[in-house]
Amino acid sequence: MSTDVLFEIGVEELPARFIDQAERELKARTISWFKEMRIPFSEIVTFSTPRRLAVLIRQVSHKQKSIEEEVRGPALKIAKDEQGSWTKAAIGFTKGQGKTTDDLYTKDINGTTYTFIKKRTDGKETFSILPAFKDIILSIPFNQTMRWGEESIRYARPIRWLVALFGDKVIPFEIAHVKTGNVTKGHRFLGENVTITEPKQYEMLLQEQYVIVDPKKRETSILEGIKEIEKNEHVHIPIDEKLLNEVRNLVEYPTVFMGNFEKEFLDLPEEVLIISMKEHQRYFPVKSTDGQLLPHFIGVRNGDQYALDNVVKGNEKVLRARLADARFFYEEDQNIEIDSFQEMLKTVVFQEKLGTIHDKVQRVKLMTEKIAKRLQLNKDLVRKSVQAASLSKFDLVTNMVNEFTELQGVMGEKYALLKGEDADVAKAISEHYMPLHAQGELPNTIIGSIVSVADKLDTIVGCIHVGLRPTGSQDPYGLRRQAIGILRIMDKEKWQIKVEDIVQIAIDLYKNIDIPGMESTELSEAVLSFLKHRIEYLFKQQSIESDIIRAVIDHEIGVLAYAKDKAQLLSRKRNEETFKTTQEALVRVLNLSEKAERTKIDVDILSTPSEKVLYQSYLETKEVYSEAADANQALNALARLSDPIHEFFEHNMVMAKEEHIRHNRLALLYEISTLIHSFANLQLIEWNQHF
Amino acid sequence: MNIQEMILNLQKFWSKHNCVIVQAYDVEKGAGTMSPMTLLRSLGPEPWRAAYVEPSRRPADGRYGENPNRLYQHHQFQVVIKPSPANIQDLYLESLKAIGIDPLEHDIRFVEDNWENPTLGAAGLGWEVWLDGMEITQFTYFQQIGGLEAHPVTVELTYGIERLASYIQDKENVFDLEWTEGITVGDIFLQPEYEHSTYTFELSDTDLLFKLFNMYENEAKRVMEKGLVFPAYDYVLKCSHTFNLLDARGVISVTERTGYIGRVRHLAREIAKSYVAKREELGFPMLNKEEQE
Chain A
1 MSTDVLFEIG
11 VEELPARFID
21 QAERELKART
31 ISWFKEMRIP
41 FSEIVTFSTP
51 RRLAVLIRQV
61 SHKQKSIEEE
71 VRGPALKIAK
81 DEQGSWTKAA
91 IGFTKGQGKT
101 TDDLYTKDIN
111 GTTYTFIKKR
121 TDGKETFSIL
131 PAFKDIILSI
141 PFNQTMRWGE
151 ESIRYARPIR
161 WLVALFGDKV
171 IPFEIAHVKT
181 GNVTKGHRFL
191 GENVTITEPK
201 QYEMLLQEQY
211 VIVDPKKRET
221 SILEGIKEIE
231 KNEHVHIPID
241 EKLLNEVRNL
251 VEYPTVFMGN
261 FEKEFLDLPE
271 EVLIISMKEH
281 QRYFPVKSTD
291 GQLLPHFIGV
301 RNGDQYALDN
311 VVKGNEKVLR
321 ARLADARFFY
331 EEDQNIEIDS
341 FQEMLKTVVF
351 QEKLGTIHDK
361 VQRVKLMTEK
371 IAKRLQLNKD
381 LVRKSVQAAS
391 LSKFDLVTNM
401 VNEFTELQGV
411 MGEKYALLKG
421 EDADVAKAIS
431 EHYMPLHAQG
441 ELPNTIIGSI
451 VSVADKLDTI
461 VGCIHVGLRP
471 TGSQDPYGLR
481 RQAIGILRIM
491 DKEKWQIKVE
501 DIVQIAIDLY
511 KNIDIPGMES
521 TELSEAVLSF
531 LKHRIEYLFK
541 QQSIESDIIR
551 AVIDHEIGVL
561 AYAKDKAQLL
571 SRKRNEETFK
581 TTQEALVRVL
591 NLSEKAERTK
601 IDVDILSTPS
611 EKVLYQSYLE
621 TKEVYSEAAD
631 ANQALNALAR
641 LSDPIHEFFE
651 HNMVMAKEEH
661 IRHNRLALLY
671 EISTLIHSFA
681 NLQLIEWNQH
691 F
Chain B
1 MNIQEMILNL
11 QKFWSKHNCV
21 IVQAYDVEKG
31 AGTMSPMTLL
41 RSLGPEPWRA
51 AYVEPSRRPA
61 DGRYGENPNR
71 LYQHHQFQVV
81 IKPSPANIQD
91 LYLESLKAIG
101 IDPLEHDIRF
111 VEDNWENPTL
121 GAAGLGWEVW
131 LDGMEITQFT
141 YFQQIGGLEA
151 HPVTVELTYG
161 IERLASYIQD
171 KENVFDLEWT
181 EGITVGDIFL
191 QPEYEHSTYT
201 FELSDTDLLF
211 KLFNMYENEA
221 KRVMEKGLVF
231 PAYDYVLKCS
241 HTFNLLDARG
251 VISVTERTGY
261 IGRVRHLARE
271 IAKSYVAKRE
281 ELGFPMLNKE
291 EQE
């Protein structure tokens with residue numbers, strides 16, 4: 001016998017951003033709960049709207065599954081006394097299991113005979129277990145929870161009704177003084193309360209009450225509405241997935257409409273128009289079929305067609321006011337000189353201990369100059385880079401960015417151009433925020449790249465300096481994301497500058513200003529170890545194994561693009577049979593070199609031929625290695641040492657009795673090891689050659 | 001419907017739903033929340049239901065009466081109910097009908113918006129209510145007030161009077177709104193808007209204001225030590241408004257800013273604690289009143 005089961009949690013409007021995750025969690029938790037409770041079912045379907053989360057469990061068995069388990073009791077020699085009668089231990093065990101000694105049987109386990117009992121737990125009526133589903137409802141995790149009324153439980157928003165049905169029978173329980181029932185609520189304005197007698201009718205009954213409980217169906221309905229407008233109006237409406245997702249979770253019954261705004265507003269920068277529509281109003285901007293922004297917008301009403309004109313008119317009025325505001329800000333900003341904005345940065349805190357944004361810009365300027373020079377850019381580019389750094393943050397105090405934070409950089413570029421600033425410099429102002437997220441697009445220009453790295457590095461070094469290193473899920477300044485940004489730029493641009501050196505530039509800057517924090521060696525170690533973790537994360541995403549990455553950056557990170565080449569090379573080599581001999585030779589050197597007490601080789605003591613050959617090869621290899629043009633050549637250079645090393649180990653006792661010989665041989669290995677280490681710490685790699 | 005009728009209708013509606021209609025509080029403040037009728041009364045276990053119009057001053061928003069949407073002083077209609085009732089959303093929607101807004105002819109939504117006022121150590125969760133895309137009300141369940149956990153929870157509804165009126169009357173410019181027959185908002189408030197903006201941005205005596213801030217702060221502390229919560233709170237409000245004037249004038253540097261906010265917050269927290277202690281000393285009279293009934 002099976003019956004459908006339905007739970008619906010009726011709430012005051014959930015934040016749109018919570019809904020998808022909550023629905024997923026509800027599904028996963030329901031599945032595992034029914035499994036754990038041993039209640040068979042055929043299928044689980046979930047639903048969500050701003051006002052409800054629901055789960056329908058189909059064909060739920062009326063009875064929990066019975067289980068039969070074998071329970072081990074005492075060993076036979078303890079269970080029976082010398083006369084062969086059951087002991088107290090055995091009787092106690094059987095009683096504990098609700099059985100008698102007649103039920104005992106024996107089995108050998110690892111040579112010992114134990115007593116056993118078969119225990120059967122009969123499945124209970126499903127209906128009697130279902131009230132405990134309450135715990136699942138309460139366990140759904142939300143990003144933020146609240147209390148209401150006099151209740152002490154926390155939930156995303158207040159719970160106002162509960163439906164819990166086993167067929168047509170209400171499953172009785174109560175959460176926050178709300179009792180379960182069989183009545184759900186329709187659309188806030190268009191629908192009515194409706195009694196559910198069959199769980200499987202849930203979706204259909206609510207559809208009749210103007211609630212589409214399947215979010216995918218709401219999405220489809222929105223998309224269809226948009227397509228129809230595209231067809232009728234001969235326009236193109238680009239779909240922003242994030243916005244679509246949010247909008248579908250703001251409504252229970254979507255109706256798509258198009259509104260208009262005055263053509264004059266098209267004089268505003270496109271970014272401003274788009275953000276006014278999307279960010280504040282959740283509208284989709286409308287373009288012509290050839291990609292020009294048009295003075296229309298697409299909104300989604302939570303309701304039907306009734307009095308839609310009224311809704312369109314209202315939305316137009318709101319957008320008009322917003323755009324008028326934006327235009328006011330845009331014009332106002334243009335009346336102010338960039339220098340005045342720069343001056344205002346002195347009043348904006350970057351971070352309490354790290355001073356104002358103005359202070360930050362000064363540091364970023366200096367850092368930009370140093371990096372640009374290290375990269376051997378020509379004078380003109382160095383000058384432009386410094387100018388871009390100096391202008392990188394002025395737009396933060398403009399009215400426009402104040403209103404639309406997302407336009408930071410974008411407005412900086414626009415205003416700089418309007419004030420006659422060089423185009424390369426202006427471009428870099430917007431580019432220096434890139435990448436906007438870990439996988440985001442990187443700056444296209446060299447100036448943008450340099451300022452981006454300088455700005456992010458200043459934040460990372462500064463924050464770690466004053467003790468704000470990210471911990472666990474806490475990363476309020478986005479240091480991890482920014483580190484990935486720096487690394488991706490250095491990798492893509494193949495900057496021939498060591499990561500260590502670029503970090504040192506930032507640290508030196510902090511040393512020259514009086515901000516209390518870490519001592520500089522300690523700071524350098526902390527920053528580099530933070531970056532090493534990020535490199536591991538970044539390269540791993542490019543399918544390089546962690547042990548290889550760790551080996552390559554163990555001694556130093558060096559030039560990032562080179563580190564990546566080395567890693568990719570070793571990642572291949574680890575599986576190559578032909579590399580085995582070389583790898584063994586090099587690793588053996590590394591292993592033994594750890595025993596070295598002296599590091600100075602006394603050439604005069606080298607006596608055996610193989611010793612001398614190894615030393616000679618080492619000198620030559622060092623030469624070739626230092627001239628290697630890429631990772632492959634460098635590794636080939638090291639490979640030259642393979643034969644001499646094997647010869648050396650074959651013909652010499654490294655741990656010779658004579659102390660001076662032992663020391664000298666170890667010193668030789670140590671010298672070679674530093675060369676190998678500068679390539680990678682091969683000891684950290686799990687070699688994988690199969691034979 | 002003009003503003004005067006709107007206010008009267010809202011008052012009548014909430015009066016019918018057992019709210020005490022109190023009058024605007026006579027000390028300058030930035031929001032209806034800061035009235036002791038909300039901020040202090042939402043503390044502690046005693047039930048409370050009140051509604052009132054609060055003229056709210058935001059010196060930095062002053063625009064000399066030239067901007068059609070921004071005001072030095074606007075009006076809020078404030079409703080506070082503790083504990084928050086189960087049907088509060090329905091009540092709110094009914095109240096919109098009382099000012100002529102039929103939900104079927106519009107698109108009304110509850111869009112997540114959480115509220116925080118660090119100066120008062122206060123935070124809440126809730127929504128901004130959208131009417132055809134326009135924010136007309138802040139709807140907040142207080143979670144913390146004056147640094148204390150709010151329990152039972154107070155729900156606060158803040159209607160933006162001018163916003164709503166501009167929709168109801170279909171006017172683009174706030175100064176064109178009809179307050180009562182034949183009288184516009186401009187007739188009443190344009191001159192004060194201009195003069196307050198001029199004062200705030202050009203003429204305020206900042207030395208005097210700095211002195212006043214310190215004096216108000218000291219007085220708040222002194223009165224507090226004597227256990228007088230309400231007079232002490234008045235001086236905190238004065239501190240807050242004085243700070244807003246100084247801030248709008250741009251004479252508070254970054255480092256000072258945090259300091260000033262911290263000082264006001266400290267006072268607000270102390271007062272919140274004293275208020276609860278004082279009410280407890282009195283045996284939470286409003287609580288007993290309910291029990292007697």
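Chains as they are written, first to last, in the UniProt record's numbering: chain A, 1 to 691; chain B, 1 to 293. In this text, a Cβ means the ideal position worked out from N, Cα and C, and glycines have one as well. Keep in mind that this is a model prediction, so the values were computed, not measured.
Quick check on G213/A: does DSSP put it in helix, strand or coil? Numbered from 1 along the first sequence, position 213 holds the residue referred to as residue 213/A. Reading off the sequence, residue 213/A comes out as Val, not Gly. Correct three-state label for V213/A: coil.
8 Å Cβ cut-off: residues of chain B touching D455/A: Position 455 of the first sequence holds residue 455/A. Within chain B, no residue comes near D455/A; the closest Cβ sits about 20 Å away, beyond 8 Å.
Within the UniProt domain "DALR anticodon binding" (583-678) of chain A, note down every full alpha helix (DSSP H) run reaching 4 residues or more, in order along the chain. 609-627, 631-639 and 642-651
So what's R160/A in DSSP terms, helix, strand or just coil? For the purposes of this step, residue 160/A is taken as the residue at position 160 of the first sequence. In the structure shown, R160/A adopts extended strand secondary structure according to DSSP, grouped into three states.
Keeping to the same chain, check which residues put their C-beta closer than 7 Å to that of A637/A; ignore five residues upstream and five downstream. As a working note, residue 637/A is residue 637 in the first sequence. Contacts found: T621, V624, Y625 and A628.
Would you mind giving the Cβ-Cβ distance between G10/A and R160/A, rounded to the nearest angstrom? I have them listed as a contact below 8 Å. Start at 1 with the first residue of the first sequence, and residue 10/A comes out as number 10. Start at 1 with the first residue of the first sequence, and residue 160/A comes out as number 160. Right, the Cβ-Cβ distance comes to about 5 Å (below 8 Å), so this counts as a contact.
Does DSSP put K346/A in a helix, in a strand, or in coil? Counting from one through the first sequence, the residue named residue 346/A turns up at place 346. Here K346/A sits in helix by DSSP.
Quick one: grab the DSSP three-state call for L53/A. Here residue 53/A refers to the residue found at position 53 of the first sequence. It is a strand residue.
Which same chain residues, not among the five before or five after R38/A, have their C-beta less than 8 Å away from its C-beta? Your numbering for residue 38/A matches position 38 in the first sequence. Within the same chain, R38/A has close Cβ partners Q64, K65, I67 and G123.
Excluding five sequence neighbours on each side, which residues of the same chain lie with their C-beta closer than 8 Å to the C-beta of E671/A? Stepping through the first sequence from its first residue, residue 671/A is reached at position 671. Excluding sequence positions up to five before and after E671/A, its CB lies within less than 8 Å of the CB of T599, I601 and Y618, all in the same chain and listed in chain order.
Kindly say whether F130/A, judged by its beta-carbon, lies nearer than 8 Å to any beta-carbon of chain B. Residue numbering aside, residue 130/A sits at position 130 when the first sequence is read from its first letter. The sequence as given places Leu at residue 130/A; Phe does not occur at that position. No, because no Cβ of chain B sits closer than 8 Å to the Cβ of L130/A.
If you count every other CB in all the chains shown that lies within 10 Å of the CB of I513/A, and 16 or more means buried, which is it? On the first sequence, residue 513/A is found 513 positions in, with the first residue counted as 1. Looking at its Cβ environment, which holds fewer than 16 other Cβ atoms inside 10 Å, I513/A is exposed.
Per DSSP, I81/B is paired with what? Taking the first residue of the second sequence as position 1, residue 81/B is located at position 81. Paired residue(s): R49/B and V155/B.
Would A423/A and I447/A be called neighbours here (beta carbons separated by less than 8 Å)? Locating residue 423/A in the first sequence gives position 423, counting from the first residue. Locating residue 447/A in the first sequence gives position 447, counting from the first residue. It is not a contact, given that the beta carbons lie outside the stated cut-off.
Listed by chain order, chain A residues near D247/B by CB distance under 9 Å: Taking the first residue of the second sequence as position 1, residue 247/B is located at position 247. Correct list: empty, because the minimum Cβ distance to chain A is about 10 Å.
To which residues of the same chain is H177/A closer than 6 Å at the C-beta, ignoring the five residues directly before and after it? On the first sequence, residue 177/A is found 177 positions in, with the first residue counted as 1. Nothing listed; no residue qualifies.
Can you pull the chain B neighbours of E36/A, defined as C-beta to C-beta under 9 Å? To locate residue 36/A, count along the first sequence from 1; it is residue 36. Result: empty, since nearest Cβ-Cβ is about 32 Å, beyond 9 Å.
Do you know how far the Cα of K278/A is from the Cα of Q78/B? As a working note, residue 78/B is residue 78 in the second sequence. As a working note, residue 278/A is residue 278 in the first sequence. The alpha-carbon atoms of Q78/B and K278/A are separated by roughly 30 Å.
Hey, could you find the ends of the alpha helix (DSSP H) R120/A is sitting in? As a first step, residue 120/A is located in the first sequence; it is residue number 120 there, counting from the start. First-last for R120/A: T112 to T121, but that is the beta strand (DSSP E), not the alpha helix (DSSP H).
Is Q73/B helix, strand or coil when you go by DSSP? Position 73 of the second sequence, counted from the start, is the residue given in the question as residue 73/B. Here Q73/B sits in strand by DSSP.
Would you verify that the beta carbon of M134/B is, or is not, closer than 8 Å to some beta carbon of chain A? In the second sequence, counting from the first residue as 1, residue 134/B sits at position 134. By this cut-off, M134/B is an interface position.
CA-to-CA distance, L245/B to Y199/B, given in whole angstroms: Within the second sequence, residue 199/B is the residue found at index 199, counting from 1. Within the second sequence, residue 245/B is the residue found at index 245, counting from 1. Near 9 Å, if we compare the C-alpha coordinates of L245/B and Y199/B.
When we look at the beta-carbon of F679/A and count the other beta-carbons within 10 Å, is it buried (16 or more) or exposed? One-based indexing of the first sequence puts residue 679/A at position 679. Buried: at least 16 other Cβ atoms inside 10 Å.
Run of the alpha helix (DSSP H) containing T578/A, from where it starts to where it stops: As a first step, residue 578/A must be located in the first sequence, where it is residue number 578. Per DSSP, T578/A lies in no alpha helix (DSSP H) and is assigned neither H nor E.
Could you have a look at F261/A and say whether DSSP puts it in helix, strand or coil? Within the first sequence, residue 261/A is the residue found at index 261, counting from 1. DSSP places F261/A in coil when its eight states are reduced to three.
What residues are listed by DSSP as bridge partners for V559/A? On the first sequence, position 559 is the one that residue 559/A refers to. DSSP lists K498/A as partners of V559/A.
Taking the alpha-carbon positions, what's the E293/B to F284/B distance? Reading the second sequence from its first residue, position 293 is the one you call residue 293/B. Reading the second sequence from its first residue, position 284 is the one you call residue 284/B. In this prediction, E293/B has a pLDDT of 49, which is less than 50 and means its spatial position is unreliable; nothing more can be read from the coordinates.
Within its chain, find whatever has a CB closer than 8 Å to the CB of K12/B; leave out the 5 residues flanking it on each side and keep chain order. Taking the first residue of the second sequence as 1, we reach residue 12/B at position 12. So the qualifying residues of the chain are A98.
Where does A75/A fall in DSSP's three states? Within the first sequence, numbered from 1, the residue matching residue 75/A stands at position 75. Three-state result, A75/A: strand.
So, are the CB atoms of residue 722/A and M258/A less than 8 Å apart? Given a span of 1 to 691 for chain A in the structure shown, any question on residue 722/A remains unanswerable.
So which residues of chain A does V153/B contact, with C-beta pairs closer than 7 Å? Against the second sequence, residue 153/B aligns to sequence position 153. Within 7 Å Cβ-Cβ: R147, W148 and G149.
Within this structure, are the beta carbons of A483/A and L531/A separated by less than 8 Å? Here residue 483/A refers to the residue found at position 483 when the first sequence is read from its first residue. Here residue 531/A refers to the residue found at position 531 when the first sequence is read from its first residue. Cβ atoms of A483/A and L531/A: closer than 8 Å.
Are the C-beta atoms of E623/A and some chain B residue less than 8 Å apart? As a first step, residue 623/A must be located in the first sequence, where it is residue number 623. Output row for E623/A: interface = no.
Rounded to the nearest angstrom, what separates V654/A and S593/A at their Cα positions? If you number the first sequence from 1, residue 654/A lands on position 654. If you number the first sequence from 1, residue 593/A lands on position 593. So the two alpha carbons sit approximately 10 Å from each other.
Three-state secondary structure (DSSP) at I145/B? Stepping through the second sequence from its first residue, residue 145/B is reached at position 145. Note: I145/B maps to strand in three-state DSSP.
Where does R480/A sit, in a helix, a strand or coil, going by DSSP? Looking up residue 480/A in the first sequence gives position 480. Correct three-state label for R480/A: helix.
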